[in-house]
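J.: Last residue of the sequence shown: number 756 in my numbering, and the count goes up by one each step with no gaps.
Okay, handing you the structure first.
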Amino acid sequence: MLRRFAWMLAVLLLSAAPSIAQIPAGRGVEHLSGSASYTFPYFRLFLPDPYVVLYDAYGIIAKDIDFMPAEDSQIIGAITTDPFQSPFRFELSMPYSGRGEALDVDNDDVADTGVQIYVVAVTSNTWDSPFLERRDDYVTGIINSAVISSDIDSFLEFQRGTLMVYAEDGEQAFPSGRGVDGVLFTDDDPSMPVEAGWSMIDITAEPFTINRSTIASMDLLEAEEAELTDFSTLSYTDAFNAMIDHLSREYAFTAYKHIDWEAKRAEFLPRVEEAQRNRSSLAFRRALRDLAWSIPDGHVSGPSVPEDFQRDVSGGLGFVLRELDDGSVIVSYLSPGGAAQTGRIAVGDRILSIDGEPIGQAVSEVVPYTGSFSTPHTLRLEQLRFVHRRPIGTPVKLTIQHADGTELTTSLTTMLDSDSFLAAALNGPLSGTELPVEFRVDSSTGYGIISIYSFSDDLPLTVALWERALSQARYSELPGLIIDIRRNGGGSGFLGDQLPAYFFDEPIVIGNTAEYSESRQDFAINPLLEDRFILPPEDRRYDGPVAVLISPDCASACESFAWAMSLEGRAAIVGHYPTAGLGGSVVPISMPDGATFNYTHSRAVDAEGNINIEGIGVRPTVRVPVTAESVLSSRDVLLEAAISYLAGNRPIPADAAAGGVASGGEIEIGQPVTGEVSPGGRIQYQLIARAGQKLDIVVLGDGALARGLAVRLLLPGDSRPLDESYALSPGEPGAGFLGLAIPSDLALIIEVEAISPAVGGTFTLTVRESE
């Protein structure tokens, strides 16, 4: 009885469920499994929620970067082991039929149904649904079944790997090789027949091979530009020479920053050779660190040498110094129990000299232990941080001026002082418990305040919190938003570009990126890859007034955000100083003994192809002066300035928006010119100077503008200031340069800025021969 019951049950089950016989034979691959290996150092950042997806490659083959695979043509697979441990494994079940766009690629001059061509890729769910969308920036990708070129001269060409191909019937064909031109999917490709259903085609070697196994194995490949540059198995000298060779080709700002890589090799190689002879990892790390410090780029860094920090600069005097717009340096903070507090120094005192040297000169000679710097203002701030730091137990002679005008010369001894070092950070340390995006409403004004602390935290969470904050702002009909990015050190440049899209109604061009091209052996800008806003749905956008708070601690991707928000005057950019001036993407080189050397491998440019951030930063359109009152205030003066600006709802001056500037024309030596500048605005004048001349360049403002002007010297086509002045002498009206020696015939740009967001007016600019 039991045997008969089991037999009847089996018959019922077989008749109720689809059997393999119901699927036509010869339909090819039904299931994929395989592994993916990678060395990409930022895998966890850019792929925080990874999965595998089969997607239609029509847009890649047709060179149509605007093509978007339909959701119903995408098949999501499963990652079956830990994706953050390379290699990891995946599985993907093929659909019965393809739903992509067919391409006739057999070159037989007869119109055919064609085949559908697919790539398997690893991507991450950052925006909305799990399916690929335009904001996923998936083209070329990090890990794919086939390597897709990102080089400008072979852009979107398939290099090697495997493709999944679907044919509706057995009458279609696919290339069997690359033809004479060596490029796949061109008119000279030979072809081979493909059977109906799914075929896995290996395009690495010719002739191409077809795999029709029901269960097929596929390994995913890392994009060449994502691979870690690894010299860690070489000797110190071989690794160093390989690194210099690599940087001489692929460092993004060699010409811009006038870097002579062979001179760097000659300077530092003897130290590396000595480190190798002595088998000294410490000496090797010091050489790499000092090389990094010699390159004025905040993205460039070598290994840390904490031994030197502890030995050389762990001692301090227990105060924080700030330099005001008039050039004076004051004490803004005293460490409890520090040397300064017990040495008759008070907050607000002016420092006149240190160890007998005028304070301004002493600051200029400091080499900070916190790395390289892209801009003079970030370097200057860190020099102020370190000017009084010495080995513990070092006597330091100070001359100070009290608030009542009396002067005091005293000697203090440095002591272990981490408190003032941390307090010297412009914006103070974070607790570490902040969410990447936090939102609150200022109860006294009704303005919403969004703080973005990072673009390198959990990216999907960042987007979700961002959209939630904007949703609350829209729902509550807030009168305006203030976005605080003062402590955002960067991360995902794509997020920095695209979060501002929520404030725009047109997909305007943000800029582009210059990447190294192997074929050209130089950097090139691909016009097909220009950065545009990818607009979110209209009901997620915010159209109210916006102000953005910046500081020199806003770096890299944070600056991309600030730049994008400044376009078309969309937001007021409020700050004391420009941002850090780090305009590009950073990647590491792996070196021996676990050391790492980071460098900038691409450069950000504006819509016209000009470098717009590196060495410049995003400048405030509403600049808040650095005065004793602003420095010593217990209030958030930048936040107050933003609230005041929004409350007045004043338009951003055209000459201050998005780094823009007005032209004042040419100026001649000995012929003063009068100009008018709007609050926060800038005007540039052209001067032809001759070798051997010694010039005074002086600008004097009328009324309240007398102490509210800055003067910068620039070269044509270069936004980096050669020098800048906020005062002719500390505490005196006017700004400029006295006795400026001209080394050679050159064209100079003299830029005059009204540094106050509330004060504009008339000024007089004079260039004269020095007496």
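Even for Gly, the Cβ is constructed at its ideal location relative to N, Cα and C.
Computed from a predicted structure; not experimentally measured.
Let's see if you can read the secondary structure: which residues bound the alpha helix (DSSP H) around THR363?
T.: From DSSP, the alpha helix (DSSP H) with THR363 extends over 361 to 371.
J.: May I have the straight-line CA-CA distance separating PHE253 from GLY569, to the nearest angstrom?
T.: Their Cα atoms are separated by approximately 25 Å.
J.: How would you label THR418, buried or exposed, when you count the other beta carbons within 10 angstroms and need 16 or more for buried?
T.: Exposed, because fewer than 16 other Cβ atoms sit within 10 Å of the Cβ of THR418.
J.: Between THR564, ALA55 and ARG588, which has its C-alpha nearest VAL571's C-alpha?
T.: ARG588
J.: If contact is defined by three or more beta carbon pairs under 8 Å, each pair taking one atom from either stretch, is the stretch 593 to 605 in contact with the stretch 539 to 555?
T.: yes
J.: Using only the alpha-carbon positions, how far apart do ILE186 and ALA96 sit?
T.: Taking the CA atoms as reference points, ILE186 sits about 22 Å from ALA96.
J.: Using a 10 Å radius around the Cβ and a threshold of 16 neighbouring Cβ atoms, would you call GLY649 buried or exposed?
T.: buried
J.: Can you tell me which of the three DSSP states HIS243 falls into?
T.: coil
J.: Would you mind stating whether SER504 and SER82 have Cβ atoms separated by less than 8 Å?
T.: no
J.: Looking at C-alpha atoms only, which residue of PRO26, VAL609, ALA106 and GLN59 is the closest neighbour of SER71?
T.: The option with the nearest alpha carbon to SER71 is PRO26.
J.: Between which two residues does the alpha helix (DSSP H) containing ASN226 stretch?
T.: 221 to 235 is the span of the alpha helix (DSSP H), which, as asked, contains ASN226.
J.: Determine the direct distance from the alpha carbon of GLU736 to that of GLU756, and round the result to whole angstroms.
T.: 23 Å
J.: Within its chain, find whatever has a CB closer than 7 Å to the CB of GLY476; leave out the 5 residues flanking it on each side and keep chain order.
T.: LEU30, SER439, PHE440, SER441 and ALA542
J.: Could you check whether the stretch 718 to 732 touches the stretch 623 to 635, counting it as contact only if at least three pairs of C-beta atoms, one from each stretch, sit closer than 8 Å?
T.: No: the two stretches stay apart, fewer than three of their Cβ pairs being nearer than 8 Å.
J.: So THR747 is in the beta strand (DSSP E); what residue range does that whole segment cover?
T.: 746 to 754
J.: Let's test the definition: count the other Cβ atoms within 10 Å of the Cβ of GLY724 and tell me whether it reaches 16, buried, or not, exposed.
T.: exposed
J.: What does a CB cutoff of less than 7 Å around ASP760 pick up in its chain, not counting 5 residues either side in sequence?
T.: Past the edges of the chain, shown from -14 to 756, lies residue 760, and the structure says nothing about it.
J.: Taking only three categories from DSSP, how would you classify ASP673?
T.: Correcting the residue type first, residue 673 is Ile in the shown sequence and not Asp. Reduced to three states, the DSSP call for ILE673 is strand.
J.: Express the C-alpha separation of GLU553 and ALA499 in angstroms, rounding to a whole number.
T.: 23 Å
J.: In whole angstroms, give me the CA-to-CA distance for GLY665 and PRO706.
T.: GLY665 and PRO706: Cα-Cα distance of roughly 17 Å.
J.: To the nearest angstrom, report how far apart ALA695 and ILE330 are at their CA atoms.
T.: 31 Å
J.: Check ILE637 in the structure and name its three-state DSSP category.
T.: Confidence at ILE637 is low in this model, with a pLDDT of 48, below 50, so its placement is unreliable and no value can be given for it.
J.: In terms of residue numbering, what span does the alpha helix (DSSP H) encompassing TRP548 cover?
T.: Note, TRP548: alpha helix (DSSP H), 542 to 551.
J.: Which whole runs of the beta strand (DSSP E) in the stretch 421 to 505 are 3 residues long or more, in chain order?
T.: 422 to 426, 433 to 437, 466 to 469 and 494 to 502
J.: Tell me whether LEU680 sits in a helix, a strand or coil according to DSSP, three-state version.
T.: strand
J.: Out of curiosity, what's the CA-to-CA distance linking ILE339 and LYS382?
T.: 6 Å
J.: Using 10 angstroms around the beta-carbon of LEU460, count the other beta-carbons present and answer buried if the total reaches 16, otherwise exposed.
T.: In the sequence on display, residue 460 carries Tyr and not Leu. Exposed, because fewer than 16 other Cβ atoms sit within 10 Å of the Cβ of TYR460.
J.: Helix, strand or coil: which one does DSSP assign to SER202?
T.: strand
J.: Nearest-angstrom Cα distance between THR239 and GLY182?
T.: 52 Å
J.: Helix, strand or coil: which one does DSSP assign to ALA106?
T.: Secondary structure at ALA106: strand, using DSSP grouped into helix, strand and coil.
J.: Expressed to the nearest angstrom, what Euclidean distance is found between the alpha-carbon atoms of LEU698 and ILE668?
T.: 12 Å
J.: Could you work out which residue in PRO701, ARG675 and VAL684 is closest to PRO728 when comparing CA atoms only?
T.: ARG675
J.: Which value, in whole angstroms, describes the spacing of the CA atoms of ALA639 and HIS373?
T.: Any reading at ALA639 must be qualified, since the residue scores a pLDDT of 41, below 50, and its modelled position is unreliable; the value itself is stated next. Taking the straight line from one Cα to the other gives about 42 Å.
J.: Taking just the CA atoms, how far does GLY164 sit from ARG197?
T.: 24 Å
J.: Look up ASN196 in the DSSP assignment and give the residues it is bridged to.
T.: MET185
J.: Going along the chain, which residues of its own chain have a beta-carbon closer than 6 Å to the beta-carbon of GLY328, five neighbours each way excluded?
T.: Taken in chain order, the residues that qualify are THR395 and LEU397.
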